[in-house]
Amino acid sequence: MRSKNTIDEDPLEGFPRDKMAYDMETFPKKAMRNYKAEINPPAGGRATSIPTFGIRAIEGWKKFVSPHTPQHIFYCSPSDLVREYVVFLLFSIVQIFEAEDRKRAEAASFQIAPLWPSIWVWLQILRAEGPESPPVDIAEEPRYPGEYNGPSMVVRVLHSFIYSPPQANLSTLVMTTPGLKEMVARMWLEEAADITAANGFRTSLLLRSDSVTEFFLTEVVAQCGGNADAAVKVALLRIKRGMEQSEPDFSCSQHDIGVLMHQLERHDTEVRILRQSVLSHPTFIIAMVDTLSKLLTIQRAYPIHDLSDLLVLPLDVIFKRIQITGYDCVVQLVGTTILSVIIGLVQTCGFRPKVMDASAQLLRNIFCRFIAYRPILLATRDNLLAAGVTARHRSNSYIGQQITVLEDRIKAFQYIMAFERHAQRLTLVTNFADVLVASSPNTAAKLMRACDKKTACLSGPDLRFLSHIIADKCEGLDETDREFFKRDTLANLVNADRKFFLFLDFSYWKAEPSRALYHKKVLSFANPATPARLANSAAYLKFTKEWTGVWSRTPYMPSATLAYVVPVLIYLPSEWENPQAMTAIYALHFNQGAGSRLQPHIRWLHRM
Numbered sequence: 383m384r385s386k387n388t389i390d391e392d393p394l395e396g397f398p399r400d401k402m403a404y405d406m407e408t409f410p411k412k413a414m415r416n417y418k419a420e421i422n423p424p425a426g427g428r429a430t431s432i433p434t435f436g437i438r439a440i441e442g443w444k445k446f447v448s449p450h451t452p453q454h455i456f457y458c459s460p461s462d463l464v465r466e467y468v469v470f471l472l473f474s475i476v477q478i479f480e481a482e483d484r485k486r487a488e489a490a491s492f493q494i495a496p497l498w499p500s501i502w503v504w505l506q507i508l509r510a511e512g513p514e515s516p517p518v519d520i521a522e523e524p525r526y527p528g529e530y531n532g533p534s535m536v537v538r539v540l541h542s543f544i545y546s547p548p549q550a551n552l553s554t555l556v557m558t559t560p561g562l563k564e565m566v567a568r569m570w571l572e573e574a575a576d577i578t579a580a581n582g583f584r585t586s587l588l589l590r591s592d593s594v595t596e597f598f599l600t601e602v603v604a605q606c607g608g609n610a611d612a613a614v615k616v617a618l619l620r621i622k623r624g625m626e627q628s629e630p631d632f633s634c635s636q637h638d639i640g641v642l643m644h645q646l647e648r649h650d651t652e653v654r655i656l657r658q659s660v661l662s663h664p665t666f667i668i669a670m671v672d673t674l675s676k677l678l679t680i681q682r683a684y685p686i687h688d689l690s691d692l693l694v695l696p697l698d699v700i701f702k703r704i705q706i707t708g709y710d711c712v713v714q715l716v717g718t719t720i721l722s723v724i725i726g727l728v729q730t731c732g733f734r735p736k737v738m739d740a741s742a743q744l745l746r747n748i749f750c751r752f753i754a755y756r757p758i759l760l761a762t763r764d765n766l767l768a769a770g771v772t773a774r775h776r777s778n779s780y781i782g783q784q785i786t787v788l789e790d791r792i793k794a795f796q797y798i799m800a801f802e803r804h805a806q807r808l809t810l811v812t813n814f815a816d817v818l819v820a821s822s823p824n825t826a827a828k829l830m831r832a833c834d835k836k837t838a839c840l841s842g843p844d845l846r847f848l849s850h851i852i853a854d855k856c857e858g859l860d861e862t863d864r865e866f867f868k869r870d871t872l873a874n875l876v877n878a879d880r881k882f883f884l885f886l887d888f889s890y891w892k893a894e895p896s897r898a899l900y901h902k903k904v905l906s907f908a909n910p911a912t913p914a915r916l917a918n919s920a921a922y923l924k925f926t927k928e929w930t931g932v933w934s935r936t937p938y939m940p941s942a943t944l945a946y947v948v949p950v951l952i953y954l955p956s957e958w959e960n961p962q963a964m965t966a967i968y969a970l971h972f973n974q975g976a977g978s979r980l981q982p983h984i985r986w987l988h989r990m
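Counted the way our numbering counts, the sequence shown spans residues 383 to 990.
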């Protein structure tokens, strides 16, 4: 590559145009066009030699481009023969990499690495071109608008080189080039800002691996003034505008959604620069459901195209976000049309296992679990009615059982809700204490305070509904379990240690659909295995001896009408691996009035 030109010198003057024109005229274009179709692994592995057209392109660059390219960028008209030849050679070179023959790509990488400085100059020149720049003449129909213009060629070359076999060190050479990450970040941001989407959203293809994605996103955030929230807004805007195109580029959309999924994965091992902004974005879930709805519309319009891999991504992103943020995210989700979209997916993609499995996962492990909360139950019931579930949906082999189980669970909770409206016989006392780790009874006493509204479902009608659920489960104890508490009550009315408590787990999840609303077990305070049993679903909780002692000795005043007392520990879904735990004392009294009905009484104690 020659030294920097003087100001008065034309940077294009020294290029051998006649030789370039002849090289293009005699280039083996047919062999290049047929390369991907004809390549087959020979016996014993794939060929290691560079294909003939690739050798020709690399040699052309060595002879006619690299020696005459200045060390600085300059203007070259999109219609100039030199520019046409440069783009033609770059297109020819990337064919070697896009054929996914690792051995040949590795051999080519060794030849290309010394040429990278001059290639980088030309990529910056092509990057400055508009979308109207003329395509390279290869007598091949473009697969998407602007495939062969300058900016698109920049992305293809960078993608080929960044993800080239590491043995040749070409990838490292490219990634450490000064100015590269700044250019890629600008391209990524500009594509989102362009309402016409003239250059498409091809830069997303560069953000494929974890390390590369984080490398470029760091610069994206820097160009957003250090504001990660702004970068997330741009990412969502890219997805939205990508879906609005008359001919969406699904591979780009898949990579753009994949960038967000990447931020939610493996948070315990690697830094994710956009992670907290993705988790805190107020309309993130709404944006994902809107994306899913648009994809469903496209799939209905073009049933011949299988968009399964793309449809699964928003479903997985939603599920992953809920795994991390829990209740608050579910509240957002039930405020969308997600159930109608899932029912639409059953109609349109009911025979595609990937889509149905991802949909079933949301129904089984999100909706079926979180409807123990009254607001989510009511919203889910209304949304399911609006979705118009039919016998056809219930009969789907992949998801029908999930729909039926969800409907059955809603009916079971509605029965309790109806009972709550017509039977006001439950006496309720709310006197919560936040107790995470009580090292002594005195510490526990100091932690007592009035219930606030920060934790889900702890006040008003929502708490009353939960109380009726607990009362229903306590009244439904079989005779064997009831006898534990009757004997315990007679022996320990006031301050003596109680021996047993009822554990109700509404937070559990299963790989297969189950009509059971909860897991129920009578456990012993004194059993050394009890803390481990409880920690299976809530590893973060510390059931110390001191805390257990405080709870098991909770006073309950004796009464002539008292039948028995049941200490209750409840797990409710909250964060994925951290359920909300609550303790209560359930007491059943004989009714002193007419008739033989029993009077339940619940006193809420702790939440953790």
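Positions of the beta carbon are idealized from the N, C-alpha and C atoms, including for glycine.
The segment 784-796 and the segment 897-916 touch, with no fewer than 3 CB-CB distances between them shorter than 8 Å.
Per DSSP, the beta-bridge partners of Thr965 are Leu951 and His988.
If you look at Val904, you'll find it in the beta strand (DSSP E) that goes His901 to Ser906.
Within 10 angstroms of the beta-carbon of Phe885 lie 16 or more other beta-carbons, which makes it buried. When Leu916, Tyr922 and Arg880 are compared, the shortest CA-CA separation from Ile967 is found for Arg880.
For Phe882, there is no enclosing alpha helix (DSSP H); the residue is found in the beta strand (DSSP E) stretching over Phe882 to Asp887. Contact annotation, Asp844 with Tyr755: C-beta distance approximately 7 Å; criterion of less than 8 Å satisfied.
Beta-bridge partners of Tyr946 (DSSP): Leu970. According to the DSSP secondary-structure assignment, Gln981 is paired through a beta bridge with His971. When C-alpha distances from Leu697 are compared across Ala669, Pro685 and Thr595, the shortest belongs to Ala669. Note that the C-beta distance between Gly512 and Ala580 is below 9 Å.
Between Ala911 and Tyr953, the C-beta gap is not smaller than 9 Å, which leaves the two residues out of contact.
Assigned with DSSP and collapsed to three states, Ala567 falls in helix. Counting along the chain, the unbroken alpha helix (DSSP H) around Trp498 starts and ends at Trp498 to Arg509. A contact between stretches requires three or more CB pairs, one per stretch, nearer than 8 Å, and the segment 480-488 fails this requirement with the segment 500-511.
The Cβ atoms of Val723 and Leu678 lie closer than 9 Å to each other.
Residue nearest to Tyr890 within the set Cys731, Pro961 and Phe907 is Pro961 (criterion: CA-CA distance). If you ignore the 5 residues before and after Lys563, its C-beta comes within less than 7 Å of the C-beta of Phe597, Phe598 and Glu601, all in its own chain and listed in chain order.
Excluding the 5 residues flanking it on each side, Gly442 has same chain C-beta neighbours closer than 6 Å at Asp405 and Leu471, in chain order. Approximately 22 Å separates the beta-carbon atoms of Cys750 and Leu693; this is outside 8 Å, ruling out the contact.
Under the three-state reduction of DSSP output, Gln549 falls in the helix class. Take the alpha-carbon of Gln658 and the one of Ala613: they are about 12 Å apart. Listed in chain order, the non-local C-beta contacts of Phe883 below 7 Å within the same chain comprise Leu905, Phe907, Pro949, Val950 and Leu951, local neighbours out to five positions each way being set aside. About 7 Å separates the Cβ atoms of Glu480 and Ser542, confirming a contact at the 8 Å cut-off. Shown here for Leu497: same chain residues with a beta carbon closer than 7 Å to its own, the five before and five after excluded, namely Trp443, Lys444 and Ser448 in chain order.
In the structure shown, the three-state DSSP call for Gln714 is helix. Taking Ser534 as the centre and dropping the five residues before and after it, the same chain places the C-beta of Gly528, Asn581, Gly582 and Arg584 closer than 8 Å to its C-beta, in chain order. Counting only the Cα atoms, Asp688 lies some 49 Å from Pro393. Excluding five sequence positions before and after Phe632, the CB atoms of its chain that fall closer than 7 Å to its own CB belong to Leu689 and Leu692, given in chain order. Ser941 sits in coil when the DSSP states are folded into three classes, being neither helix nor strand. In terms of Cβ geometry, Leu987 and Ala945 do not form a close pair [threshold 9 Å]. In the DSSP assignment, Asp688 falls outside any alpha helix (DSSP H), carrying neither H nor E. His637 and Arg590 have their C-alpha atoms spaced approximately 7 Å apart. The shortest C-alpha to C-alpha distance from Glu647 to any of Thr943, Asp863 and Thr595 is the one to Thr595.
Each of Ser941, Glu391 and Ala567 was checked against the Cα of His971, and the nearest Cα belongs to Ser941. In the three-state scheme derived from DSSP, where H, G and I count as helix and E and B as strand, His454 is classed as coil.
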